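Protein chains in written order, with numbering that gives the first Met the number 0: chain P, 0 to 152; chain A, 0 to 152.
C-beta atoms are modelled at their ideal positions from N, C-alpha and C, and glycine is treated no differently.
Fair warning: this is a prediction, and the values are worked out from it, not measured in the lab.
Let me begin by presenting the structure, written as structure tokens, before commenting on it.
There are 2 protein chains.
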Amino acid sequence: MDSTGNSFTGSYTYTLDAKGRINIPAKMRKALDPASDATFVATRGNDACITLYPATVWKQVEVKLLALDKGKPAIRHYIRNIVRHAEALQYDGQGRVPLPAGLIEYASITKSAEIVGMIDRIEIWNPESLKALETRLTDDSEALENIANEIDI
Amino acid sequence: MDSTGNSFTGSYTYTLDAKGRINIPAKMRKALDPASDATFVATRGNDACITLYPATVWKQVEVKLLALDKGKPAIRHYIRNIVRHAEALQYDGQGRVPLPAGLIEYASITKSAEIVGMIDRIEIWNPESLKALETRLTDDSEALENIANEIDI
DNA sequence: TAGGTTCGTGGGTAGAAGTGGGTAATTATC
DNA sequence: GATAATTACCCACTTCTACCCACGAACCTA
Numbered sequence: 000m001d002s003t004g005n006s007f008t009g010s011y012t013y014t015l016d017a018k019g020r021i022n023i024p025a026k027m028r029k030a031l032d033p034a035s036d037a038t039f040v041a042t043r044g045n046d047a048c049i050t051l052y053p054a055t056v057w058k059q060v061e062v063k064l065l066a067l068d069k070g071k072p073a074i075r076h077y078i079r080n081i082v083r084h085a086e087a088l089q090y091d092g093q094g095r096v097p098l099p100a101g102l103i104e105y106a107s108i109t110k111s112a113e114i115v116g117m118i119d120r121i122e123i124w125n126p127e128s129l130k131a132l133e134t135r136l137t138d139d140s141e142a143l144e145n146i147a148n149e150i151d152i
Numbered sequence: 000m001d002s003t004g005n006s007f008t009g010s011y012t013y014t015l016d017a018k019g020r021i022n023i024p025a026k027m028r029k030a031l032d033p034a035s036d037a038t039f040v041a042t043r044g045n046d047a048c049i050t051l052y053p054a055t056v057w058k059q060v061e062v063k064l065l066a067l068d069k070g071k072p073a074i075r076h077y078i079r080n081i082v083r084h085a086e087a088l089q090y091d092g093q094g095r096v097p098l099p100a101g102l103i104e105y106a107s108i109t110k111s112a113e114i115v116g117m118i119d120r121i122e123i124w125n126p127e128s129l130k131a132l133e134t135r136l137t138d139d140s141e142a143l144e145n146i147a148n149e150i151d152i
């Protein structure tokens, strides 16, 4: 049934409406594991973007975080800074999720947003930010080639 | 129903009213295990905050504390400092809990308070204290990177 | 190409959520 | 035992949000 095999691919430019909602591309909704119950967990990405994990994938992240030694202050800080910005979002009948204001600000998104598939997760970018990062990293073509050689696709 | 699957996430800035009550965010109330019977156990956090454990989780904390070697003075001290400030709080019809004055003082909370999800527990902070700790620990980015590499989210 | 269906986007509305305050019951104090 | 202080419970108001309906464009199908 799912030709994408439950992985998120492709890139779509959608608009954030006045209420801070954004549409999850239909193909990505179809690729979402039914066990996630139409729900993603949004949080800060490692780059300047919003990351959306399927609920089931996020569960695994939580398990990893809980296993850390909370006796150490640095670890508590690490957990707090991830979980603090995380919020579960279920999309409505039209396939939209309301993005928390804090995350919109973090990713500097205004009206237009680029939704990028990342296999097991989704990233939401300010199109300009993504382009800027892209050109900056593409210049470092040597590093890319090293990775390419390593995995041999 | 609750998509996060009974885990506490996100961060909310709410106000402490004149009676020392604070609202538990609706999403966190929904995430609370029904077996906890609308009850949290509040006590001093490891950091300068108030920690709220769901009643069921607190039970496990007690078990762990009991297992410690009470022959050592330092351990008795540690146990005493957690347990003596612990108080069970059930939220009212409006979803609010009365915070004990001693804990409010410990966390230096006045009017505004930041409620932070920590997966299996909740922390209540003075927003300034949290920000201060954050900038201090974020500076130690090396430690954070080590953790990040270790768990690979 | 024509028609039906899905998809992206906009907006309205009922109900829920956050906040403030009042009253009765309980506890403490003298 | 009477009075004062505290606590628990309820009511009320404002803001926000989840849910619903709607419309045009794009896509697919026959």
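Take D36 of chain A, set aside five residues on each side of it, and the residues of its chain with a beta-carbon closer than 8 Å to its own are A54 and Q89, in chain order.
Residue range P72 to V82 is occupied by the alpha helix (DSSP H) that includes N80 of chain A, with no beta strand (DSSP E) assigned at that position. When Cβ-Cβ separations below 7 Å define contact, V115 of chain P makes no contact with chain A. Per DSSP, G101 of chain P lies in no beta strand (DSSP E) segment; the continuous alpha helix (DSSP H) that holds it begins and ends at A100 to Y105.
K18 of chain P and A17 of chain A have their C-alpha atoms roughly 33 Å apart. Among the residues of the segment 45-64 of chain P, those with a Cβ less than 7 Å away from any Cβ of chain A are A54, K58, V60, E61, K63 and L64, in the order of the chain. When CB distances to chain A are screened at a threshold of 9 Å, the residues of the segment 73-90 of chain P falling below it are A73, I74, R75, H76, Y77, I78, R79, N80, I81, V82, R83, H84, A85, E86, A87, L88 and Q89, in chain order.
Cβ neighbours of A87 of chain P within its own chain (closer than 6 Å, five residues either side excluded): T38 and V40. Residue-level contact by beta carbon fails for A131 of chain A and chain P, as no gap is shorter than 7 Å.
Between Y77 of chain P and I146 of chain A a beta carbon distance of about 5 Å is seen, short of the 8 Å cut, so the two are scored as contacting. For E113 of chain A, DSSP records a beta bridge to A:T12 and A:W124.
At least one CB atom of chain P sits nearer than 7 Å to the CB of L143 of chain A. If you keep only unbroken alpha helix (DSSP H) runs of at least 4 residues inside the segment 20-63 of chain P, you get 25-30.
V96 of chain A and I23 of chain A have their C-alpha atoms roughly 7 Å apart.
At a cut-off of 7 Å between beta carbons, I146 of chain A contacts chain P. Judged by DSSP in its simplified three-state form, I150 of chain P adopts helix. Interface flag for L136 of chain A against chain P is set, since a Cβ pair is found closer than 7 Å.
For D119 of chain A, the chain P residues whose Cβ falls inside 7 Å of its Cβ are L65, in order along the chain.
Taking the Cα positions, G94 of chain A is about 54 Å away from E149 of chain P.
DSSP places L88 of chain P in the uninterrupted beta strand (DSSP E) bounded by E86 to Q89. Taking 7 Å as the CB threshold, I150 of chain A lines the interface with chain P.
The residue from P:E61, P:L67, P:E104 and P:L98 with its alpha-carbon nearest to that of G116 of chain A is P:E61. Straight-line spacing of the CA atoms in D32 of chain P and L67 of chain A works out to 43 Å. Note on geometry: alpha-carbon atoms of E113 of chain P and R120 of chain P lie some 14 Å from one another. E141 of chain A and S111 of chain A have their C-alpha atoms some 32 Å from each other. When the alpha-carbon of T8 of chain A is set against those of A:D46, A:I123 and A:R79, the nearest one is in A:I123. Taking a C-beta distance under 7 Å as the contact criterion, I21 of chain A and A106 of chain A do not qualify as a contact pair. Around T42 of chain A, the same chain offers I49, T50, Y52, I81, V82, H84, A85, E86 and L102 as residues with beta carbons nearer than 8 Å, after the five sequence neighbours per side are excluded.
Straight across, the Cα-Cα distance linking L143 of chain A with Y13 of chain A is about 29 Å. Put simply, the CB of S111 of chain A is far from chain P, with every gap to its CB atoms at 7 Å or more.
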